[in-house]
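For reference, the structure discussed in these notes is given below.
There are 2 protein chains.
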Amino acid sequence: MSYKIKSRIWIESKNNVFLGEGRVHLLKAIQETGSLSKASKSLNISYKKAWHLLDSVNKSAKKPVTINSIGGKGGGGAEITEYGISLISAFDEINKSCWVFLDEQLKKIERI
Amino acid sequence: MSYKIKSRIWIESKNNVFLGEGRVHLLKAIQETGSLSKASKSLNISYKKAWHLLDSVNKSAKKPVTINSIGGKGGGGAEITEYGISLISAFDEINKSCWVFLDEQLKKIERI
DNA sequence: ATTCGTTATATTTGTAAAGATATAACGGTA
DNA sequence: TACCGTTATATCTTTACAAATATAACGAAT
Numbered sequence: 002m003s004y005k006i007k008s009r010i011w012i013e014s015k016n017n018v019f020l021g022e023g024r025v026h027l028l029k030a031i032q033e034t035g036s037l038s039k040a041s042k043s044l045n046i047s048y049k050k051a052w053h054l055l056d057s058v059n060k061s062a063k064k065p066v067t068i069n070s071i072g073g074k075g076g077g078g079a080e081i082t083e084y085g086i087s088l089i090s091a092f093d094e095i096n097k098s099c100w101v102f103l104d105e106q107l108k109k110i111e112r113i
Numbered sequence: 002m003s004y005k006i007k008s009r010i011w012i013e014s015k016n017n018v019f020l021g022e023g024r025v026h027l028l029k030a031i032q033e034t035g036s037l038s039k040a041s042k043s044l045n046i047s048y049k050k051a052w053h054l055l056d057s058v059n060k061s062a063k064k065p066v067t068i069n070s071i072g073g074k075g076g077g078g079a080e081i082t083e084y085g086i087s088l089i090s091a092f093d094e095i096n097k098s099c100w101v102f103l104d105e106q107l108k109k110i111e112r113i
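Dropping the structure here:
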């Protein structure tokens, strides 16, 4: 039976979590559904939790990651900015390359 | 204000956690104190939690990581094996190299 | 035989995170 | 104006996990 190495990475800004796997999942779901409430349903998390996650992302970000609108056609919605799209793909890249890196490093354990 | 990238790595065996930062901290404390109860006190965690952590390590490991003795001189104690010492240093190496790797990767976010 | 400080384990208690619920505000549309 | 589905927010409830507590078993030393 061989070992598996797992990881969890996140980015902090001023001691607050800015981006992590959960937040990136949420951003992707917003991108697909066009609204925070639909995104929360698709991820099976409460709206409240989703809202807090998104709020923390936008508060830590240097530029807006989503544009949220209240009222109007369809009641409103949330839209990912270009900046947000870039963040998602950069985070995914880092995460995937980290997995590759760690799989290689795991050999240090396996050869003991 | 710049970003910090953080990580948490762990090694699983058969869907159980084998080694992680908490478990490695515990092993180091056992190495220093010679007993599980003293180690748990030095880490400010309950004996119960420490015992479960150590138990999971030894159950997942291919060879014993500690030798635990009940009763006898001083009431007993726990001792790290040579194999355990090797695991600790290998894990630390992987963890540190992961930090270096991720700090470099963070530039992908910062230059957006 | 008694004492000692452990390991080992079960049971109870406390607490912080998650979830559920409720409601206000909003701004297009009809 | 009334309606709609959304964002935004507060408050209450639940629940999972951590912590505290209690106790048995152990074996060397005295």
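Protein chains in written order, with my numbering: chain Y, 2 to 113; chain X, 2 to 113.
We put the CB at the ideal spot given by N, CA and C, even for glycine.
Predicted model, so just to flag it, every value in this text is computed and none were measured.
Test item: CB-CB of Ile12(X) and Ile6(Y) under 8 angstroms: yes
Hey, which unbroken runs of the alpha helix (DSSP H) at 4 residues or more fall wholly within the segment 13-38 of chain Y?
22-34
Using a Cβ cut-off of 9 angstroms, pull out every chain X residue sitting near Ser14(Y), in sequence order please.
Met2, Ser3, Tyr4 and Lys5
When the Cα atoms are used, what is the spatial distance from Glu111(X) to Lys74(X)? 58 angstroms
**Prompt:** Beta-carbon of Lys9(Y) versus every beta-carbon of chain X: anything under 8 angstroms?
**Reply:** The sequence as given places Arg at residue 9(Y); Lys does not occur at that position. Closer than 8 angstroms to some Cβ of chain X, the Cβ of Arg9(Y) qualifies, so yes.
- Task: Give me the Cα-Cα distance between Leu37(X) and Ala62(X), rounded to the nearest whole angstrom.
- Result: 18 angstroms
**As assigned by DSSP and simplified to three states, the class of Gly73(Y)** = coil
query = Once you ignore the five residues that flank Lys10(X) on each side, which residues in its own chain have a CB closer than 8 angstroms to its CB?
reply = The displayed chain sequence assigns Ile, not Lys, to residue 10(X). Only Gly21, Glu22, Ile95, Asn96 and Cys99 meet the Cβ criterion.
Close Cβ partners of Tyr4(Y) (< 8 angstroms) along its chain, the five nearest in sequence each way excluded
Leu107, Ile110 and Glu111
Could you give the uninterrupted runs of the beta strand (DSSP E) lying entirely in the segment 61-112 of chain X, keeping only those of 3 residues or more? 67-71 and 77-81
| message | Along the segment 15-34 of chain X, where does the CB come closer than 8 angstroms to a CB of chain Y? Name the residues. | response | Lys15, Phe19 and Leu20
| Which residues in the same chain as Thr67(X) place their Cβ atom closer than 7 angstroms to its Cβ, once the five residues preceding and following it in sequence are excluded? | Ile31, Leu55, Asn59, Ala79, Glu80, Ile81, Thr82 and Gly85
Measure the CB-CB distance between Ser43(X) and Thr34(X) and report whether it falls below 8 angstroms. yes
Please list, in chain order, the residues of the segment 49-66 of chain Y that have any C-beta partner in chain X closer than 7 angstroms. none
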